[in-house]
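Protein chains: 4
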Amino acid sequence: MLVVMRHDASSDEIQGVVRAIEAMGYRARPMPGAQRTTVGLVGNDGRVEEGRLVGLDGVLRVIHVSQPYKQVSREWCPEDTVVELDNGARIGGEDVVIMAGPCAVESREQILESARRVAATGATVLRGGAFKPRTSPYSFQGLGEEGLQLLAEARDETGLAVVTEAIDSEGVALVAEYADIIQIGARNMQNYSLLRAAGRAGRPVLLKRGMSATIKELLLAAEYIVAEGEPRVILCERGVRNFDTHARNLFDLTAVVTVKELSHLPIIADPSHGTGARSKVGPMARASVAAGADGLIVEVHPDPTTAASDGAQSLTPDQFDELMTEVEQIARSLGRGVAQPAAVALSG
Amino acid sequence: MLVVMRHDASSDEIQGVVRAIEAMGYRARPMPGAQRTTVGLVGNDGRVEEGRLVGLDGVLRVIHVSQPYKQVSREWCPEDTVVELDNGARIGGEDVVIMAGPCAVESREQILESARRVAATGATVLRGGAFKPRTSPYSFQGLGEEGLQLLAEARDETGLAVVTEAIDSEGVALVAEYADIIQIGARNMQNYSLLRAAGRAGRPVLLKRGMSATIKELLLAAEYIVAEGEPRVILCERGVRNFDTHARNLFDLTAVVTVKELSHLPIIADPSHGTGARSKVGPMARASVAAGADGLIVEVHPDPTTAASDGAQSLTPDQFDELMTEVEQIARSLGRGVAQPAAVALSG
Amino acid sequence: MLVVMRHDASSDEIQGVVRAIEAMGYRARPMPGAQRTTVGLVGNDGRVEEGRLVGLDGVLRVIHVSQPYKQVSREWCPEDTVVELDNGARIGGEDVVIMAGPCAVESREQILESARRVAATGATVLRGGAFKPRTSPYSFQGLGEEGLQLLAEARDETGLAVVTEAIDSEGVALVAEYADIIQIGARNMQNYSLLRAAGRAGRPVLLKRGMSATIKELLLAAEYIVAEGEPRVILCERGVRNFDTHARNLFDLTAVVTVKELSHLPIIADPSHGTGARSKVGPMARASVAAGADGLIVEVHPDPTTAASDGAQSLTPDQFDELMTEVEQIARSLGRGVAQPAAVALSG
Amino acid sequence: MLVVMRHDASSDEIQGVVRAIEAMGYRARPMPGAQRTTVGLVGNDGRVEEGRLVGLDGVLRVIHVSQPYKQVSREWCPEDTVVELDNGARIGGEDVVIMAGPCAVESREQILESARRVAATGATVLRGGAFKPRTSPYSFQGLGEEGLQLLAEARDETGLAVVTEAIDSEGVALVAEYADIIQIGARNMQNYSLLRAAGRAGRPVLLKRGMSATIKELLLAAEYIVAEGEPRVILCERGVRNFDTHARNLFDLTAVVTVKELSHLPIIADPSHGTGARSKVGPMARASVAAGADGLIVEVHPDPTTAASDGAQSLTPDQFDELMTEVEQIARSLGRGVAQPAAVALSG
């Protein structure tokens, strides 16, 4: 951490900063420059409260040299983390993993039909919400535990693993009972009680980037989970807030590359929420794989025009099939494959 | 709701939209125009899933004419809501209400000293966090229930009402036991489980705008609380995410005016989080009152350089005193006053 | 255009809107709904000033049903525009066109060396700035006309076409004399005097999206050029402003898909400015082609560590070679190719 | 400038950075830390190309300690700049200066009527566009030189000074002939050819903040003008791009405070463009003065419902009168006044 002094800071003010740093238990190193003095704080363990320094007399601003996250950083662990599921799918490994299914579980027929269709052409994980966080209190909120049971039934039949969202601590326990992966949604990325509960549930966690979260905040949210003892965290880019409304969100694919540089955790991409429109899902799914994402999570519905939520961005099963062919070609051109459903069925 | 057809939509496609609307139980009204046809959906009760229409053949886009929130809207209730506290403070009434105190409760001395100082020059509500949602898992997380007890002690001594944050459902019950107002923080604005719990706790709720929440989303979050039976919701502007880093957040004071137009709920402003820097709190507190805010929530710490959090944006008690003088003058020039601590002490 | 009335608008207020629309020469069509009345404006030719309606008594808001751009829209012309250059390169056609070269022309050796290297492995157009718009008045501002002469010399030797930026009306004439494509930079996307001059210069125009331009504004800027008589406009996505600083800009690849839906103009992608970091250029270049971009514009410098500008985001020639191999594979997996330099040399 | 090395950077890589800095003519100072080494660059004169360092082996990132602007910075000149006009108005002095008038000059009657009305209740400067940069090529583009002549006539009659926009170099000469202040609009804030021309025209310049410009970029744009020899630059906050559409722009009043801290130049606020809606102009004009703005620029039209542009955000003359009363009270509560039209008339 570096404390930049105003150009007209007095030597008393500089000494004040030195004393404040030492009082916090660190070493201070003043560095006079051509225009101003900078005071380095040496020995920062990530717990320094910059507020104690920013407000001191003569201080212009404080600059962070180190990142505040630790265990999720690539500097901490240079090897890629690979999250292995019971059905054999390996997220963060060589092959691209496809998660697909409807936005919400609506009925037994709907989720079974969805599972069969996506399993047939490339998915290894089934998605589907049982607890739905909706912007309006008057929108469909999900089937709850019944939805979880239907997901488990679909898994038993198809060999797909299951990922589904938990929206509160009680829900985490329930989801952990039925699902292979606990999803934390974008709106809850900084719901720290929920992150802690998820980190203690004994299941891999899929952590979606918040609507206006920086990559640093995403990694710190992951750090909450890892700090509770769960190292199997999968990150997910799903678009951020933006001034333009040409798409529902601004899908930030560069984040995939940035996360790979800063962290050893796997990262997948969600082109359905990232774009919000069926016609854009295919091109951006292809782009995600080309950018290096470890997987995709895609909304597919047997009949999008009757979907209880997100119908506008759901693919039909036929569109999904077509997309899988394209995705496989892109993956191959980069020396990767798509995790195979056949292998899944065998191991399931 | 209006369904805008592509300019080359066939009459079959237009009929398809009409049938889909009728199948959902509403009436359809096609309106041919110079360039394209628009189909109006009549009878919308706020539960229409636009996804069912967006994806139909020939549809260009869907436009919402009505807002999805109801009970919080000014159309629903033209009269301003005034939230009255036990100590007599009335938020949303003629006078501007000042909430002040440290970011976090750190010790008995710190919170009592803060309470005495802010009560002496204009505050009627004491702020202070007992449960702190921190971006890093390694930062100070608050004193928990002990902090709540200290806040209650400060209330007993000074007559100030108490506002403090709850970060999960269990916390809501605890906070409701000790505090006059339950605060929902920005990171939890769309934590719907928490909103529901807060709406059932029997206390007024201070709802802070999320970091990238639109006004519509803020009002829908308030609707969650009101829908649970709690009409006493106070909104709070505290700055949003932005491309520039000259301030911690972009303090959106126009939101105060917009909320007043769209909703009957009171809205206060938080210039401490809105700017993130002590030197900017005073000017923006004045601006908030000039823009029409019903109150302010300001961070004040007996010694900001030792604060466990947010020291850089906390005022000293002397700076707070000076600000109160200015704020009172601004309020008077608009025909308002500042809610008086004297009156509070009497009723407390 | 639709004028949405307040729910309590009187019939006098509704009549006022009808009269205002008729006074502007259009037809008005009031549509009473369950909650409120909407008044349609029929016959809108794109010149309606909404300000005349927004401020009328009883009006809640005005909704635009049609887009304000015309000649650049796909509704106006369903066929893709293909921009053909003298050296045979066709932008917007089947093959992906690669534009590459240094940020700025710095010297004869530098630009010739760059041209030879990029021509050898896939580029058909040479980029390089002679007039540089720099954020600071103290930064290198380009070689001016001498730079243009060096670009022309590089074209003569390699057969590459030349694209370079003009920053004012005088510059447009000069650039048109030497270059095959006139570039309008992001900072000048709404410099309408410059757009008009470019539209009259008789050369294809490469129009870069502004730092916070919506797609609608980008298309309207293109409309300025086309309205002056120049139909050969190539759009370019190069990243937009964002709250996160993990990359220089937020590269909005979904814009490529959106532009293809709304317009017949070709669109290329600039992963160098879109990401700002060498390590991210390759993955995002691949992603751009996978998303459907008609071409790439990439910064390549013989020795990035000595570059006068943008060194941090410039590829070395070796990195460019490697990227071209990957890009070609991605293009092939989508049934496209990369426009061949060999063909260029023959036609050059 | 500080070059932060990766935690695993070798001593060869650190030496590489040292040599690169020395080769650029500066001194290098390596500072080993607990986690990583940082290399300070001493003697930075604001011309260092960071790109030469960012790309070197072992470099994590480069941090700027100093700001790149000079002459406009408060460190360069601690005294406030006061821009004095021929009619005696002093912008940046004790009194708040009001600029008011229509968006565009539409006719002789309209501009004279506007001038008389705003002069009568508090304005000292008349605004009105003769050259209008419009997003669509099909919108009204202004009266050109005829508009300038009408503005001059209004000045002669009322004693108001005149501010009007120039949109290209030719326009600058024309505007300088007729107006007291040359306005550079938001879309042209980084049109450097235009900034240079304005800096040589011998008139004070009103520089509006770009739609997504940081404060640093605003100050660098001002530096372009000052570097040409014109020290009389007035900055203007007019709202920035944002994800919410509740207002036309996000009016960033904190920028007023930030600019005052970083620069000695005066800054005024434009609540008309900052909010885009008549009902919001009054509250935000009051807030602007409360935040410390040196003046306001407000759109006023004799009959907003017939305005050729910006009618929705224009005040009627009666609304302007009412606002002036409020603004004066706010200014007085802060110990300032409103520059008096009477004084203007005498000096005019």
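Protein chains in written order, with the numbering used here: chain A, 2 to 349; chain B, 2 to 349; chain C, 2 to 349; chain D, 2 to 349. From the three backbone atoms N, C-alpha and C, an ideal C-beta is built for every residue, glycine too.
| field | For residue 28/D, the residue or residues it bridges with in DSSP | value | Looking up residue 28/D in the fourth sequence gives position 27. Beta-bridge pairing links residue 28/D to 43/D.
| Since residue 238/A sits in a beta bridge, which residues does DSSP pair it with? | Taking the first sequence and counting its residues from 1, the one referred to as residue 238/A is at position 237. In the DSSP output, where bridge partners are listed per residue, residue 238/A has 270/A.
| said: On the DSSP letters alone, give me the boundaries of the beta strand (DSSP E) that residue 2/A sits inside. | reply: As a first step, residue 2/A is located in the first sequence; it is residue number 1 there, counting from the start. Looking at the DSSP string, residue 2/A is not in any beta strand (DSSP E), and its letter there is neither H nor E.
| field | Between the CA atoms of residue 184/B and residue 274/A - distance to the nearest angstrom | value | Here the question's residue 274/A lines up with position 273 in the first sequence. Here the question's residue 184/B lines up with position 183 in the second sequence. When rounded, the distance between both Cα atoms is 30 Å.
| query | Using a Cβ-Cβ cut-off of 7 Å (strictly less than) and excluding sequence neighbours within five positions of residue 295/B, which residues of its own chain qualify? | reply | In the second sequence, the residue the question calls residue 295/B occupies position 294. Excluding sequence neighbours, residue 295/B sits near 92, 93, 97, 98, 267, 268, 269.
| query | Mind checking residue 345/D: buried by the 16 CB within 10 Å criterion, or exposed? | reply | Position 344 of the fourth sequence holds residue 345/D. Summary for residue 345/D: the model assigns pLDDT 45, below 50, so the residue's position carries little reliability; its value from the coordinates is reported in the next sentence. By the neighbour-count rule (16 or more Cβ atoms within 10 Å), residue 345/D is buried.
| request: Assuming residue 149/A and residue 120/A form a contact by the criterion Cβ under 8 Å, report the distance between their Cβ atoms to the nearest whole angstrom. | output: Along the first sequence, one-based indexing puts residue 149/A at 148. Along the first sequence, one-based indexing puts residue 120/A at 119. The Cβ separation is near 19 Å, so there is no contact.
| query | From this set, 321/C, 271/C, 246/C, which residue's C-alpha is nearest residue 236/C's C-alpha? | reply | By 1-based counting over the third sequence, the position of residue 236/C is 235. Measuring from the Cα of residue 236/C, the nearest candidate turns out to be 271/C.
| message | By alpha-carbon positions, which one of 241/B, 288/B, 139/B, 95/B ends up nearest to residue 250/B? | response | Sequence index remark: in the second sequence, residue 250/B carries index 249 (1-based). Taking only the C-alpha atoms, the option nearest residue 250/B is 241/B.
| chain D within 8 Å of residue 132/A, Cβ atoms only | Counting from one through the first sequence, the residue named residue 132/A turns up at place 131. It does not; no Cβ of chain D falls within 8 Å.
| What is the DSSP secondary structure of residue 334/C, reduced to helix, strand or coil? | Locating residue 334/C in the third sequence gives position 333, counting from the first residue. Residue 334/C: helix per DSSP, three-state reduction.
| Mind checking if residue 174/B is an interface residue toward chain C, Cβ cutoff 8 Å exclusive? | One-based indexing of the second sequence puts residue 174/B at position 173. Cβ-Cβ to chain C under 8 Å: no for residue 174/B.
| Between which two residues does the beta strand (DSSP E) carrying residue 61/A extend? | Position 60 of the first sequence, counting from 1, holds the residue named residue 61/A. Here the beta strand (DSSP E) through residue 61/A covers 60-64.
| For residue 348/C, is the classification buried or exposed, using 16 other Cβ atoms within 10 angstroms of its Cβ as the cut-off for buried? | On the third sequence, position 347 is the one that residue 348/C refers to. With a pLDDT of only 42 at residue 348/C, under the threshold of 50, the placement of this residue in the model should not be trusted; the figure read from the coordinates follows. With fewer than 16 other Cβ atoms within 10 Å, it is exposed.
| request: Report yes if the CB atom of residue 290/A is closer than 8 Å to the CB atom of residue 226/A, and no otherwise. | output: Taking the first residue of the first sequence as position 1, residue 290/A is located at position 289. Taking the first residue of the first sequence as position 1, residue 226/A is located at position 225. Their beta carbons are not under 8 Å apart, which means residue 290/A does not touch residue 226/A by this criterion.
| query | At a CB-CB cut-off below 7 Å, which residues of chain A make contact with residue 287/D? | reply | Counting from one through the fourth sequence, the residue named residue 287/D turns up at place 286. Correct list: empty, because the minimum Cβ distance to chain A is about 27 Å.
| query | At a Cβ threshold of 8 Å, is residue 321/A touching chain C? | reply | Residue 321/A sits at position 320 when you count from the first residue of the first sequence. Answer no: the Cβ-Cβ gap between residue 321/A and chain C never drops below 8 Å.
| Does any CB atom of chain D fall closer than 8 Å to the CB of residue 233/A? | Reading the first sequence from its first residue, position 232 is the one you call residue 233/A. Answer no: the Cβ-Cβ gap between residue 233/A and chain D never drops below 8 Å.
| said: Tell me the rounded alpha-carbon separation between residue 341/D and residue 186/C. | reply: Along the fourth sequence, read from residue 1 onward, the residue named residue 341/D stands at position 340. Along the third sequence, read from residue 1 onward, the residue named residue 186/C stands at position 185. Whole-angstrom Cα-Cα distance: 44 Å.
| said: Quick check on the burial criterion: 16 or more other C-beta atoms within 10 angstroms. Buried or exposed for residue 246/C? | reply: What you label residue 246/C is simply residue 245 of the third sequence in a count that begins at 1. With fewer than 16 other Cβ atoms within 10 Å, it is exposed.
| field | Selected residue, minimal CA-CA separation from residue 164/A, among 336/A, 193/A, 208/A | value | By 1-based counting over the first sequence, the position of residue 164/A is 163. Minimum Cα distance to residue 164/A is reached at 208/A.
| field | Reference residue 69/A, options 252/A, 335/A, 56/A, 216/A, closest by Cα | value | For the purposes of this step, residue 69/A is identified with residue 68 of the first sequence, where counting begins at 1. When each option's Cα is compared against that of residue 69/A, the closest is 216/A.
| query | Taking DSSP as the reference, what is the three-state secondary structure of residue 305/D? | reply | Working through the fourth sequence from its first residue, we reach residue 305/D at position 304. Here residue 305/D sits in helix by DSSP.
| request: Using 10 angstroms around the beta-carbon of residue 336/C, count the other beta-carbons present and answer buried if the total reaches 16, otherwise exposed. | output: The residue you call residue 336/C lines up with position 335 of the third sequence. Under this definition residue 336/C is an exposed residue.
| In whole angstroms, what is the alpha-carbon distance linking residue 75/D and residue 11/A? | Within the fourth sequence, the letter at position 74 stands for residue 75/D. Within the first sequence, the letter at position 10 stands for residue 11/A. If you take the alpha carbons of residue 75/D and residue 11/A, they lie about 17 Å apart.
| task | Report yes if the C-beta distance between residue 127/C and residue 146/C is below 8 Å; otherwise report no. | result | Translated into the one-based positions of the third sequence, residue 127/C becomes position 126. Translated into the one-based positions of the third sequence, residue 146/C becomes position 145. Cβ distance not < 8 Å, so residue 127/C and residue 146/C don't count as in contact.
| What is the DSSP secondary structure of residue 159/A, counted as helix, strand or coil? | The residue labelled residue 159/A in the question sits at position 158 within the first sequence. The answer is helix: DSSP assigns residue 159/A an H, G or I state.
| field | residue 125/A versus 283/A, 85/A, 17/A, 16/A, residue with shortest Cα-Cα distance | value | By 1-based counting over the first sequence, the position of residue 125/A is 124. If we check each option's Cα against that of residue 125/A, 85/A comes out closest.
| said: Quick test of your reading: residue 63/B and residue 37/B, contact by CB under 8 Å. State the CB separation rounded to the nearest angstrom. | reply: In the second sequence, the residue the question calls residue 63/B occupies position 62. In the second sequence, the residue the question calls residue 37/B occupies position 36. Going by Cβ atoms, the distance from residue 63/B to residue 37/B rounds to 14 Å, so no, they are not a contact pair.
| query | residue 254/B by DSSP, collapsed to three states: which one? | reply | The count along the second sequence starts at 1 and reaches residue 254/B at position 253. Residue 254/B: coil per DSSP, three-state reduction.
| request: Please report how far the alpha carbon of residue 123/D lies from the alpha carbon of residue 276/C, in whole angstroms. | output: Counted from its first residue, the fourth sequence places residue 123/D at position 122. Counted from its first residue, the third sequence places residue 276/C at position 275. Each residue's Cα considered, the two are about 49 Å apart.
| field | Listed by chain order, chain A residues near residue 330/C by CB distance under 7 Å | value | To locate residue 330/C, count along the third sequence from 1; it is residue 329. Result: 334.
| message | Against chain D, with Cβ distances strictly below 8 Å, would residue 30/A count as a contact? | response | Position 29 of the first sequence, counted from the start, is the residue given in the question as residue 30/A. Yes, because at least one Cβ of chain D sits closer than 8 Å to the Cβ of residue 30/A.
| query | So what does residue 91/B bridge to, in DSSP terms? | reply | Translated into positions along the second sequence, residue 91/B becomes position 90. DSSP lists 85/B as partners of residue 91/B.
| task | Taking residue 223/C as part of the beta strand (DSSP E), name the residues at either end of that continuous run. | result | On the third sequence, residue 223/C is found 222 positions in, with the first residue counted as 1. Segment 216-228 is the alpha helix (DSSP H) holding residue 223/C; no beta strand (DSSP E) there.
| task | Say whether the region 191-203 of chain A touches the region 186-197 of chain B, bearing in mind that this needs 3 or more beta-carbon pairs closer than 8 Å, one atom from each stretch. | result | yes
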